[in-house]
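>
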Amino acid sequence: MKLAWRYAVQADLNLLAEWNHQLIRDEGHRNQMTVGQLAERIRRWLEGEYKALIFSNDEPVAYALFKQEKESIYLRHLFVHRDQRRCGIGRQAFTILRREIWPSNIRLTVDVLCHNRAAIDFWRSVGYRDYSLTMEIMPP
Numbered sequence: 074m075k076l077a078w079r080y081a082v083q084a085d086l087n088l089l090a091e092w093n094h095q096l097i098r099d100e101g102h103r104n105q106m107t108v109g110q111l112a113e114r115i116r117r118w119l120e121g122e123y124k125a126l127i128f129s130n131d132e133p134v135a136y137a138l139f140k141q142e143k144e145s146i147y148l149r150h151l152f153v154h155r156d157q158r159r160c161g162i163g164r165q166a167f168t169i170l171r172r173e174i175w176p177s178n179i180r181l182t183v184d185v186l187c188h189n190r191a192a193i194d195f196w197r198s199v200g201y202r203d204y205s206l207t208m209e210i211m212p213p
């Protein structure tokens, strides 16, 4: 089934925040923000430089959050609902972004946590290549 897409609007903030909360947990990120805090952050992003798309088949199943900069597009989130994963939705959503939304002559970037092997494998499978590695020393 072909995914439909639309730009997110203010009424989508709670859904996006819930999904962002799931994304944080699923990828093992250490962000401890609540759903309410995430909704506020997403609201600010959408009022600023970011755009969000919601992808649907019969109901919403995924979203992408990105910003276009002068020389690149930074994909901050691509989330597929847990019960819809491993069905090609992420790949189809990314294809829509590449073919219908984003210019073809611009650099694309995405950040992936080093321990998230599934995400690394996915991003490599759609054409991303390793560029840098951020390292840190956490306080005790």
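Just so we're aligned, residue 74 is where the sequence shown starts under our numbering, counting upward by one. Backbone N, C-alpha and C define an ideal beta-carbon position, used for all residues, glycine too.
Starting from L111 and walking both ways along the alpha helix (DSSP H), at which residues does that stretch end?
Here residue 111 refers to the residue found at position 38 when the sequence shown is read from its first residue. Counting along the chain, the alpha helix (DSSP H) containing L111 begins and ends at 108 to 120.
> Excluding the 5 residues preceding and the 5 following N130 in the sequence, name in chain order all residues of the same chain whose CB lies nearer than 7 Å to its CB.
What you label residue 130 is simply residue 57 of the sequence shown in a count that begins at 1. Within the same chain, N130 has close Cβ partners M74, L76.
> Can you tell me where the alpha helix (DSSP H) holding Q165 begins and where it ends?
Here the question's residue 165 lines up with position 92 in the sequence shown. Run containing Q165: 162 to 169, per the alpha helix (DSSP H) assignment.
> Here's the rule: buried if 16 or more other CB atoms are within 10 angstroms of the residue's CB, otherwise exposed. What is A191?
On the sequence shown, residue 191 is found 118 positions in, with the first residue counted as 1. Exposed: under 16 other Cβ atoms inside 10 Å.
> Buried or exposed: which applies to N93, given that a residue is buried once 16 or more other Cβ atoms fall within 10 Å of its Cβ?
The residue given as residue 93 occupies position 20 in the sequence shown. Buried, since its Cβ has 16 or more Cβ neighbours within 10 Å.
> Given a cut-off of 9 Å, decide if L111 and K124 are closer than it, judged by their beta-carbon atoms.
Sequence index remark: in the sequence shown, residue 124 carries index 51 (1-based). Sequence index remark: in the sequence shown, residue 111 carries index 38 (1-based). Contact flag unset, no.
> Would you please state the rounded distance, in angstroms, between the beta carbons of L148 and V183? I believe it to be under 8 Å.
Residue numbering aside, residue 148 sits at position 75 when the sequence shown is read from its first letter. Residue numbering aside, residue 183 sits at position 110 when the sequence shown is read from its first letter. Contact holds; Cβ gap of about 4 Å.
> Just to confirm my understanding: we take A90, look at its own chain, exclude 5 residues before and 5 after, and list those with CB closer than 7 Å. What are they?
Reading the sequence shown from its first residue, position 17 is the one you call residue 90. Excluding positions up to five away in sequence, the list reads V108, L111, A112, I115.
> Is it buried or exposed, V153, if we count other Cβ atoms within 10 angstroms and call 16 or more buried?
To locate residue 153, count along the sequence shown from 1; it is residue 80. Buried.
> Return yes when the Cβ of I97 is within less than 9 Å of the Cβ of N104, no when it is not.
Here residue 104 is taken as the residue at index 31 of the sequence shown, counted from 1. Here residue 97 is taken as the residue at index 24 of the sequence shown, counted from 1. Yes, the Cβ-Cβ distance between N104 and I97 is below 9 Å.
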